[in-house]
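Below is one structure, written out as structure tokens; the observations come after it.
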Ligand code: SF4
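Protein chains in written order, with the working numbering: chain Z, 1 to 473; chain E, 1 to 258.
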């Protein structure tokens, strides 16, 4: 997956001209966006719990060094292994090593965005290991050879007819487009994979430092299968996904499920605290926890953006974002999409590279209101734009959009010099008569302003300015 | 190697947080003043009377249908067994031609005398094998054999540690004799428990777990699972379908008056 301004524009155009996609995202947002807001209202502590949770997340982030040390100690005490991975390559290599040591030929995966971030699947495949996504939506997009387009509803862009055809082609079953039938087909196909897999790989929604558990939620049960049946389980977590203790876990889990799917709780919540113990019949013989940095310490070191590490990747912000609603997930061209992606992707892959992402959002604030931990995404979007406007050494940002900056300079000079301002506008009011009009609107502006009028008309300047009217009524 | 990695990793984190590298400060787990809440939640759960449990049962009765969880209250072990048998009789085998049942070894389930009842229905019942001694571990073959049985079973019967009335959540902890696949692989999951195992919500549960954990008990175990209703998916055009990977039906049987 690559992201750049051109792909972004093309992806957006493609999504906007696809009526089925538009309808399914709208439908998803109508259900989940509204449902989530109601679900916060129904919290027994009231919606203010989000603010408490924000404080809790930030306190965990501020104590990350201690909490990570405590977590690692606990996991080892419980018989698991912990590996701290500096970057994507280190995490991928560790997984490959574990796979090789255990003679792994088939891997089943629980849905996880972090494995998309480090691009794990292609590495496993090229090491000759069959890698099967087991979340139904992920399974579908993997079969179709596409990236997921939503963090919790990866196949939101597919309609049942596509899926029916896909199954006929790839699994050789009789065509059906009935969702129950299709689910049953996938259930059977994946059941064999689960039972014969040697290794399970999952993400980690949250880790509890006090007890040393990786906590994972799912509705389908694929996470339970992945963490129970294979001989080896590897869980990969972003280093920030940690809570101090069981009490914080209670609040975070409840908020996560509300933010993600407007549910009070997802069907399954698994607390994984190490490998099978003697005398137990199931569970993996080995449990590995991989803690990933991959650019996160850099974010941690900048208090402007540290807040984004509080994100628990619930995808709640996608379900209300007017930009995501129109352009869908693929346009973002990265593992993390929507408002959270517009902040995280530039920070992880370079602000200049991701400039279109933070500029594409509208700053409407819907994401902040929908966020279970009340992250101020709009503030961080603006901060990113500021870095782009002025450049930044810490982030190695080259100033971008000099023309805009020059224009703003002229503007600020004008508005602080009223006589000049007045003269300039009176001149413009005269010149504008030369422009093509339709009704009482300007149809086209001359370059470089013509991009503005490419898709809209513009209101002409009034003959007598507001200031003059006030002064000489 | 791993050691070194970890130290470097953590010192990078410390630097980013603006702390000195050799900060000898002992770790303080941030506690945002919840200790009192834990205490009061625990007190509440300890002082519950019959009437309180009935009130919880009423809450559960409203929550259960929302997540498609079946709940049956019975007054005696005999009644509970009949209720279970009625459902087992109706069940259709999904993963084999023959209807089979697998169950935990658990005192409450023993009281139900499932063996005799199931043999009358001509349905085989498989329990997990017993480890010869506490230190004795199972061989791979033994584990695999039980896995195969559970994967073919129509019904899996467990005994929940707790049920949270507010969400209809069953809490199942991993212990010897209580394999977690029994609640996962069979097509139908049945769980038994007594009234006094009802709790109100997650806050009460985590408070109890916290408290026990801090007393040094292995309370969360190496795999604790919350189950709230049957497995489900909405990945195809947002249509809700039950039985994605886990059981397509879950039913809870609660014994009253104990
Ligand atoms: S920013 Fe908030 S709403 Fe968006 S994914 Fe993260 S936690 Fe969820």
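All C-beta atoms in this analysis are idealised placements derived from N, C-alpha and C, irrespective of residue type, glycine included.
Is the CB-CB distance between residue 370 of chain Z and residue 311 of chain Z below 7 angstroms?
Not closer than 7 angstroms, so no.
Should residue 84 of chain Z be labelled buried (16 or more other beta-carbon atoms within 10 Å of its own) or exposed?
That one is buried.
Is residue 270 of chain Z near residue 224 of chain Z, with beta carbons less than 7 angstroms apart?
A contact, by the Cβ cut-off of 7 angstroms.
For residue 254 of chain Z, is the classification buried or exposed, using 16 other Cβ atoms within 10 angstroms of its Cβ as the cut-off for buried?
Buried: at least 16 other Cβ atoms inside 10 Å.
Report yes or no: is there a C-beta of chain E within less than 7 angstroms of the C-beta of residue 149 of chain Z?
So, not an interface residue.
For residue 443 of chain Z, is the classification buried or exposed, using 16 other Cβ atoms within 10 angstroms of its Cβ as the cut-off for buried?
Result: exposed.
Alpha carbons only, please: which of E:69, E:144, E:242, E:223 is nearest the one belonging to residue 231 of chain E?
Out of E:69, E:144, E:242, E:223, E:242 has the C-alpha closest to the C-alpha of residue 231 of chain E.
Output, in chain order, the set of chain E residues within a Cβ distance shorter than 9 angstroms of residue 29 of chain Z.
Those within 9 angstroms of residue 29 of chain Z in chain E number zero; the least Cβ separation is about 11 angstroms.
When every heavy atom of the ligand SF4 is checked, does at least one fall within less than 6 angstroms of the C-beta of residue 375 of chain Z?
Yes, the Cβ of residue 375 of chain Z comes within 6 angstroms of a heavy atom of the ligand SF4.
Using a Cβ-Cβ distance cut-off of 7 angstroms, determine whether residue 237 of chain E contacts chain Z.
Closer than 7 angstroms: yes.
Identify every run of the alpha helix (DSSP H) within the region 410-442 of chain Z, keeping only runs that are complete inside it and at least 4 residues long; order them along the chain.
DSSP runs (the alpha helix (DSSP H)) wholly in the region 410-442 of chain Z: 418-431.
By the 10 Å Cβ neighbour count, where 16 or more other Cβ atoms means buried, how is residue 459 of chain Z classified, buried or exposed?
Exposed.
Could you run through the region 272-303 of chain Z and flag, in chain order, every residue whose CB is less than 8 angstroms away from some CB of chain E?
So the list reads 272, 273, 274, 275, 276, 277, 278, 279, 280, 281, 282, 283, 291, 293, 297, 298, 300, 301, given in the order they occur along the chain.
Could you tell me whether any Cβ in chain B is nearer than 7 angstroms to the Cβ of residue 93 of chain Z?
Given the protein chain composition of this structure (Z and E), no chain B is represented.
Does any C-beta atom of chain E lie closer than 7 angstroms to the C-beta of residue 167 of chain Z?
Answer no: the Cβ-Cβ gap between residue 167 of chain Z and chain E never drops below 7 angstroms.
What did DSSP end up calling residue 146 of chain Z once you bin it into helix, strand or coil?
Residue 146 of chain Z: coil per DSSP, three-state reduction.
Which residues share a DSSP beta bridge with residue 340 of chain Z?
Per DSSP, none; premise fails for residue 340 of chain Z.
Select from E:118, E:173, E:56 the residue whose C-alpha is nearest the C-alpha of residue 88 of chain E.
Comparing Cα-Cα distances from residue 88 of chain E to each of E:118, E:173, E:56, the minimum goes to E:118.
Would you mind telling me which residues of chain E sit closer than 9 angstroms to residue 220 of chain Z, beta carbon to beta carbon, in chain order?
Chain E residues near residue 220 of chain Z: 231, 232, 233, 235, 244, 245, 246.
Taking residue 45 of chain Z as the reference, which of Z:309, Z:251, Z:282 has the closest Cα?
That would be Z:251, whose Cα lies nearest to the Cα of residue 45 of chain Z.
Give the single residue among Z:160, Z:71, Z:189 whose Cα lies nearest to the Cα of residue 172 of chain Z.
The candidate whose alpha carbon is nearest that of residue 172 of chain Z is Z:189.
Can you give me the Cβ contacts of residue 220 of chain Z inside the same chain, cut-off strictly under 7 angstroms, excluding the 5 residues immediately before and after it?
Here the set comprises 135, 136.
Alpha carbon to alpha carbon, what distance is there between residue 8 of chain E and residue 67 of chain E?
In a straight line, the C-alpha of residue 67 of chain E is about 47 angstroms away from that of residue 8 of chain E.
Below 7 angstroms on C-beta distance, what does residue 199 of chain E contact in chain Z?
The contacting residues do not exist; residue 199 of chain E stays about 12 angstroms from chain Z at best.
When you compare the CB of residue 64 of chain Z with every CB in chain E, is at least one pair closer than 7 angstroms?
By this cut-off, residue 64 of chain Z is an interface position.
In chain E, which residues lie less than 9 angstroms from residue 86 of chain Z when you measure between Cβ atoms?
Correct list: 5, 8, 9, 12.
Could you pull the start and end residues of the alpha helix (DSSP H) that residue 356 of chain Z belongs to?
Residues 355-360.
When every heavy atom of the ligand SF4 is checked, does at least one fall within less than 6 angstroms of the C-beta of residue 493 of chain Z?
With chain Z covering only 1 through 473, there is no way to say anything about residue 493 of chain Z.
How far does the beta strand (DSSP E) with residue 173 of chain E in it extend, from its first residue to its last?
Here the beta strand (DSSP E) through residue 173 of chain E covers 169-173.
State yes or no: is the C-beta of residue 254 of chain E within less than 7 angstroms of the C-beta of residue 53 of chain E?
No, these two residues do not count as a Cβ contact at 7 angstroms.
Alpha carbon to alpha carbon, how far is residue 168 of chain E from residue 278 of chain E? Give it in angstroms, no decimals.
The first residue shown for chain E is 1 and the last is 258, placing residue 278 of chain E beyond what the model contains.
Based on the DSSP output, what are the partners of residue 265 of chain Z in its beta bridges?
Residue 265 of chain Z is not bridged to any residue.
For residue 409 of chain Z and residue 416 of chain Z, what's the separation of their Cα atoms in angstroms?
C-alpha separation (whole angstroms): 11 angstroms.
Specify, as a first and last residue, the run of the alpha helix (DSSP H) that residue 187 of chain Z falls within.
It spans 179-196 - the alpha helix (DSSP H) in which residue 187 of chain Z sits, taken as one unbroken run.
Relative to the ligand SF4, is the shortest distance from any of its heavy atoms to the C-beta of residue 337 of chain Z smaller than 6 angstroms?
Every heavy atom of the ligand SF4 is 6 angstroms or more from the Cβ of residue 337 of chain Z, so no.
Along the beta strand (DSSP E) that carries residue 390 of chain Z, what are the first and last residues, could you check?
Unbroken run through residue 390 of chain Z is the alpha helix (DSSP H), 377-390; no beta strand (DSSP E).
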